[in-house]
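Colleague: Each number in this note's numbering corresponds to the 1-based position in the sequence shown with 168 added.
Where a beta carbon is used, it is the ideal one built from N, C-alpha and C, also for glycine.
Below is the structure I would like to discuss, written out as structure tokens.
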Amino acid sequence: MKLKIFTTSRQIRKWLEDKNNQILDKHYTLGEFLNKIIIVDGKKFIDKDLRKKYLFEAIKNVDVEKLGISKEFINFFEDSNFIFSFFNELFLERVDIEDVRHKDIYLDYEEHLTILKEILKNYKALLEKDDYINEFLIEEYRINEGLLKGIDEIELRLDGYLPKFHVEILKKLPNLKIYFDVDKFNKSLIEKSLGVAVKEDRSYVYDFKELKEIKKETKNPSIEVEYFSDRLKEVEFVFAKIKEFVESGIDPENIAVILPDESFSELLELFDEKENLNFAMGESFTKSSIYIKLKAIYDYLSGDEEAIKKFEDVKDDFEKMDLIEFIKKHSSNKELKVIDEELFKLKIFEKMFKNKKEFLYFILERLKDKTFDDVYSGKITCMGVLESRGMEFDGVIIVDFNEEYVPNVSDSDLFLNTFIRKMAKLPTRFDKENLQKHYYYQLINNSKRVAISYVQNEENSPSKFLYELNLTPQEHSSDNKYEYFNFSKEKELTEYNEKLDIEGFIIYPTTLKTLLECPKRFYFEKVLQITSPSEEEFFGNIFHDSMKKIDNEKQFNSAEEYYEELIKEIKSRITDKKLLFDFQVKWEDKLKEFCEEDFELRRGKISKPEKKVKFPYKGYKLACRVDRIDEDENEIVLIDYKTSTSAKKSEEYIYEFQTTFYYLWAKQNYPNKKIKTYIWDIATPEKFEGKIKIEKLDEVLENLPKEVKEAEDIEFEGGKRKAVDICKYCPYVEACGKDEL
Numbered sequence: 169m170k171l172k173i174f175t176t177s178r179q180i181r182k183w184l185e186d187k188n189n190q191i192l193d194k195h196y197t198l199g200e201f202l203n204k205i206i207i208v209d210g211k212k213f214i215d216k217d218l219r220k221k222y223l224f225e226a227i228k229n230v231d232v233e234k235l236g237i238s239k240e241f242i243n244f245f246e247d248s249n250f251i252f253s254f255f256n257e258l259f260l261e262r263v264d265i266e267d268v269r270h271k272d273i274y275l276d277y278e279e280h281l282t283i284l285k286e287i288l289k290n291y292k293a294l295l296e297k298d299d300y301i302n303e304f305l306i307e308e309y310r311i312n313e314g315l316l317k318g319i320d321e322i323e324l325r326l327d328g329y330l331p332k333f334h335v336e337i338l339k340k341l342p343n344l345k346i347y348f349d350v351d352k353f354n355k356s357l358i359e360k361s362l363g364v365a366v367k368e369d370r371s372y373v374y375d376f377k378e379l380k381e382i383k384k385e386t387k388n389p390s391i392e393v394e395y396f397s398d399r400l401k402e403v404e405f406v407f408a409k410i411k412e413f414v415e416s417g418i419d420p421e422n423i424a425v426i427l428p429d430e431s432f433s434e435l436l437e438l439f440d441e442k443e444n445l446n447f448a449m450g451e452s453f454t455k456s457s458i459y460i461k462l463k464a465i466y467d468y469l470s471g472d473e474e475a476i477k478k479f480e481d482v483k484d485d486f487e488k489m490d491l492i493e494f495i496k497k498h499s500s501n502k503e504l505k506v507i508d509e510e511l512f513k514l515k516i517f518e519k520m521f522k523n524k525k526e527f528l529y530f531i532l533e534r535l536k537d538k539t540f541d542d543v544y545s546g547k548i549t550c551m552g553v554l555e556s557r558g559m560e561f562d563g564v565i566i567v568d569f570n571e572e573y574v575p576n577v578s579d580s581d582l583f584l585n586t587f588i589r590k591m592a593k594l595p596t597r598f599d600k601e602n603l604q605k606h607y608y609y610q611l612i613n614n615s616k617r618v619a620i621s622y623v624q625n626e627e628n629s630p631s632k633f634l635y636e637l638n639l640t641p642q643e644h645s646s647d648n649k650y651e652y653f654n655f656s657k658e659k660e661l662t663e664y665n666e667k668l669d670i671e672g673f674i675i676y677p678t679t680l681k682t683l684l685e686c687p688k689r690f691y692f693e694k695v696l697q698i699t700s701p702s703e704e705e706f707f708g709n710i711f712h713d714s715m716k717k718i719d720n721e722k723q724f725n726s727a728e729e730y731y732e733e734l735i736k737e738i739k740s741r742i743t744d745k746k747l748l749f750d751f752q753v754k755w756e757d758k759l760k761e762f763c764e765e766d767f768e769l770r771r772g773k774i775s776k777p778e779k780k781v782k783f784p785y786k787g788y789k790l791a792c793r794v795d796r797i798d799e800d801e802n803e804i805v806l807i808d809y810k811t812s813t814s815a816k817k818s819e820e821y822i823y824e825f826q827t828t829f830y831y832l833w834a835k836q837n838y839p840n841k842k843i844k845t846y847i848w849d850i851a852t853p854e855k856f857e858g859k860i861k862i863e864k865l866d867e868v869l870e871n872l873p874k875e876v877k878e879a880e881d882i883e884f885e886g887g888k889r890k891a892v893d894i895c896k897y898c899p900y901v902e903a904c905g906k907d908e909l
């Protein structure tokens, strides 16, 4: 008999479809198999949530707040995932905390690693006391020979990455063959994991002795890409493409809708009037009546008196009854079907909690990831990309192919920066992103027809991965192509007929941009002086303030010194531990690259910090804020810092005049010097020269709006900005009556 190992349970269900009345090979998912195949004598593996209680005990005398983690039990319960993720990753890659400390040459994480090492020591001691073990504490184990009894051959279908510990286990198994596909995105990971040299766009079988290439059918899928101004239009796109695929002869059961952001399923549910869809992720148990009641009770016990309205009818029972019995009594049969087994397990843990409220929170955490799996029965499956691993469909529709979602790697498991990860031989963010790209690549190339959509507006841009796939969208938006639903209604708009007189106003680049895009907003903001709350951008503000200070006080002898001073200054301004962790994860590597290149830009020049400047031009008073000025005998360089991911795109915009203002001011004040302007996009990080648009500026100054009017579509070389996008995030939409656009 064979033992077959698949990546997901969905692969197993697909494999079982045509196996009626047959003697089946033994089969598991990879996760199930790895949990069963090893035995640690004298120990029992601890429950995934119970372990949090032990970890909470382990941190009692440790200053975990330096990690941005709360010592309050309720907050710690969620924060603890960060610690477990870190320990687990080190164990799976066979890396010790001390190994990481030796690679931390800048001592960026010295204090954090010391704390984590102490927590691990305490946690291990507490588990050993009760004969428990966590996977990442395994020292000795043996193979479960009983699981392999009667097995002649093991076939593993690999659709991901095997860490060192899992490879170590697999090497101990007899007659194992691993089947896998290789492309440019997973090639290095396969070579790192299995220790063999492979070629791109090949399929292989490997038994840890011999690597054989195997033939695989090439499908050459038909691929189309379209973009829209908002996600609701993508919903129309999905249903239109489903209809088109079915009419072309594709079986509905062989069509998949891939959701990089699974919350998109809620939009699809709303408009799936004919119930053609089924959702692999199911419906969240948090929407159930019993969960809503339990959450309301917890909120009430935490001080929210209004929450009592949601459970008044069962309040007496809650106060009198045992918590598990209370849940059983007030759950429907449908709800009990999902949680009955869980309630049995929970009863065992009840005595470990000091009060009913604490135990209730534990229960809510246990139940929040449960789902109703049989709610939708349509033939077309909607799933996340991880659920699609190893699956093949004739028709694939992928929505939200945006930079924000594709590839989507959680920051929570990326504690160390890329440099240290490389040195310690841990997977980097680049590795994890490439693994997700591999999943998409295989899904697309194993299909016959593929339709991809994304949102493009001021806040959203297509994933760069789209261009790595050599895919390009239509040259125009498809907003009006699919009219399945009516999402909006007519609304009477407020009218203003006043004349505009801008004499006396100081014109900044942002002021001019506002005036040209929407004279009405300029009128509200500058003439009527109706102020709107400004949005604080966490990192952007701190970065600007930090650069201003170090430019005012420091001169640097090396890029390393520059980086260290900047990091030190930024960290001194972040008091919230969570935000500090976010900064380290998202920005430290980028700032290292920034400092290395920017140090060369500064070399031989005197750097002056942020400066607000005013100057006359064409009868107007112009002004701007220069983030930094670098000067030597022959040249002056004016620099603008950006921390968004769309800086280069913004600079191309017809009404973006920031660096033009820089140039004009410098020309008046440094007439004998060569002038350069740069945009530093810290998020990329990338430096590029500013666009000097003097002729365009002269043109717009001669033709400034003379009366109040609403935003209109703006067309320019290289693009178009629609009025609806200008209005969408304007703080004055309600005053215009456009708050429902």
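Using CA atoms only, rank isn't needed, just tell me which of Leu806, Lys760, Glu764, Phe376 is closest to Ile774.
Modeller: Minimum Cα distance to Ile774 is reached at Leu806.
Colleague: Should Gly858 go down as buried or exposed, given a rule of 16 or more other Cβ atoms within 10 Å for buried?
Modeller: By the 10 Å Cβ count, Gly858 comes out buried.
Colleague: In angstroms, rounded to a whole number, what distance separates the CA positions of Leu427 and Lys605?
Modeller: So the alpha carbons of these two residues sit roughly 14 Å apart.
Colleague: Comparing alpha-carbon positions, which option in Asn229, Ala879, Glu761, Lys547 lies nearest Val425?
Modeller: Per the Cα distances, Lys547.
Colleague: What separation, rounded to the nearest whole angstrom, lies between the Cα atoms of Glu323 and Lys590?
Modeller: Looking at the two C-alpha atoms, the distance is approximately 32 Å.
Colleague: Considering just the uninterrupted stretch of the alpha helix (DSSP H) at Ala834, what are its terminal residues?
Modeller: Counting along the chain, the alpha helix (DSSP H) containing Ala834 begins and ends at 826-837.
Colleague: Relative to the alpha-carbon of Ile423, which residue among Asn871, Asn614, Gly887 has its alpha-carbon at the smallest distance?
Modeller: Closest option to Ile423, Cα to Cα, is Asn614.
Colleague: For my contact list, Leu281 and Ile306 are in at a C-beta cut-off of 8 Å; report their separation, rounded to the angstrom.
Modeller: The pair is not a contact, with the Cβ atoms about 21 Å apart (cut-off 8 Å).
Colleague: Select from Tyr395, Phe540, Ser397, Asp193 the residue whose C-alpha is nearest the C-alpha of Lys170.
Modeller: With distances taken between Cα atoms, Lys170 lies closest to Asp193.
Colleague: Going by DSSP, what residues sit across from Ser390 in a beta bridge?
Modeller: Answer is Arg617, bridged to Ser390.
Colleague: Which stretch, first to last residue, makes up the beta strand (DSSP E) that contains Tyr798?
Modeller: Residue 798 is actually Asp in this sequence, not Tyr. Segment 796-799, the beta strand (DSSP E) holding Asp798.
Colleague: From what residue to what residue does the alpha helix (DSSP H) around Asn256 run?
Modeller: Run containing Asn256: 241-260, per the alpha helix (DSSP H) assignment.
Colleague: What are the boundary residues of the alpha helix (DSSP H) that includes Asn446?
Modeller: From DSSP, Asn446 is part of no alpha helix (DSSP H) but of the beta strand (DSSP E) over 445-447.
Colleague: Check the DSSP bridge columns for Glu323 and list the partner residues they point to.
Modeller: The partner list for Glu323 (beta bridge, DSSP) reads Lys172, Lys345.
Colleague: Taking the beta strand (DSSP E) that Thr699 falls in, what are its first and last residues?
Modeller: Careful: Thr699 lies outside any beta strand (DSSP E) and carries neither H nor E.
Colleague: Less than 7 Å between C-beta atoms, sequence neighbours within five positions excluded: which residues of the same chain meet that for Leu469?
Modeller: The answer, listed in chain order, is Lys525.
Colleague: Would the beta-carbon of Lys810 fall within 8 Å of that of Ile847?
Modeller: Contact flag set, yes.
Colleague: Would a C-beta distance cut-off of 8 Å place Lys271 and Ile588 closer than the cut-off?
Modeller: Contact flag set, yes.
Colleague: Give me the residue from Leu436, Lys616, Arg534 with the minimum Cα distance to Phe413.
Modeller: When only C-alpha atoms are compared, the closest one is Lys616.
Colleague: Give the range of the alpha helix (DSSP H) segment to which Leu295 is assigned.
Modeller: Looking at the DSSP string, the run of the alpha helix (DSSP H) that includes Leu295 is 278-297.
Colleague: Step through the CB atoms of chain B and report whether any lies within less than 8 Å of the CB of Arg793.
Modeller: Of the protein chains in this structure there is only one, and it is not chain B.
Colleague: Assess, as a yes-or-no matter, whether the region 170-190 is touched by the region 562-577 under the definition of 3 or more beta carbon pairs within less than 8 Å.
Modeller: Output reads no: the region 170-190 does not touch the region 562-577.
Colleague: Starting from Ala927, follow its DSSP beta bridges and name the residues at the other end.
Modeller: There is no way to answer for residue 927, as the model of the chain reaches only from 169 to 909.
Colleague: Between Glu803 and Lys739, which are expected to be in contact by the criterion C-beta below 8 Å, what is the C-beta distance as a whole number of angstroms?
Modeller: Actually they are not in contact, since the Cβ atoms of Glu803 and Lys739 sit about 33 Å apart, beyond 8 Å.
Colleague: Just to confirm the assignment, what range does the beta strand (DSSP E) spanning Pro784 have?
Modeller: Note, Pro784: beta strand (DSSP E), 779-785.
Colleague: Based on DSSP bridge pairs, tell me the residues matched to Asn370.
Modeller: Residue identity check: residue 370 is Arg in the sequence provided, not Asn. Its beta-bridge partners are Val350.
Colleague: Helix, strand or coil, according to DSSP, for Lys455 in the structure here?
Modeller: Of the three classes helix, strand and coil, the one that applies to Lys455 here is helix, per DSSP.
Colleague: Give the DSSP-derived three-state secondary structure of Tyr196 in the structure shown.
Modeller: Correct three-state label for Tyr196: strand.
Colleague: I need the straight-line Cα distance from Asn302 to Glu693, nearest angstrom please.
Modeller: Each residue's Cα considered, the two are about 59 Å apart.
Colleague: Determine the direct distance from the alpha carbon of Asn625 to that of Lys211, and round the result to whole angstroms.
Modeller: About 55 Å.
Colleague: Counting only the same chain and skipping the five closest in sequence on each side, list residues whose C-beta sits under 6 Å from that of Ile191.
Modeller: Once the five neighbours on either side are set aside, Ile191 has no close Cβ partner at all.
Colleague: What does a CB cutoff of less than 7 Å around Leu202 pick up in its chain, not counting 5 residues either side in sequence?
Modeller: If we look at Leu202 and ignore the five residues flanking it on each side, its Cβ neighbours are His334, Ile337.
Colleague: Could you say if the region 399-407 and the region 376-390 meet the contact criterion of at least three C-beta pairs nearer than 8 Å?
Modeller: Output reads no: the region 376-390 does not touch the region 399-407.
Colleague: Report the rounded CA-to-CA distance for Lys585 versus Tyr277, giving the unit in angstroms.
Modeller: Looking at the sequence provided, one finds Asn at residue 585 rather than Lys. Each residue's alpha carbon lies about 9 Å from the other.
Colleague: Taking the straight line between their C-alpha atoms, what separation do you get for Phe396 and Ala619?
Modeller: Between Phe396 and Ala619, the C-alpha separation is close to 13 Å.
Colleague: As a quick exercise: from Lys688, Glu421, Glu308, pick the residue whose alpha carbon is nearest that of Asn444.
Modeller: Residue Glu421 is the option with its Cα nearest to Asn444.
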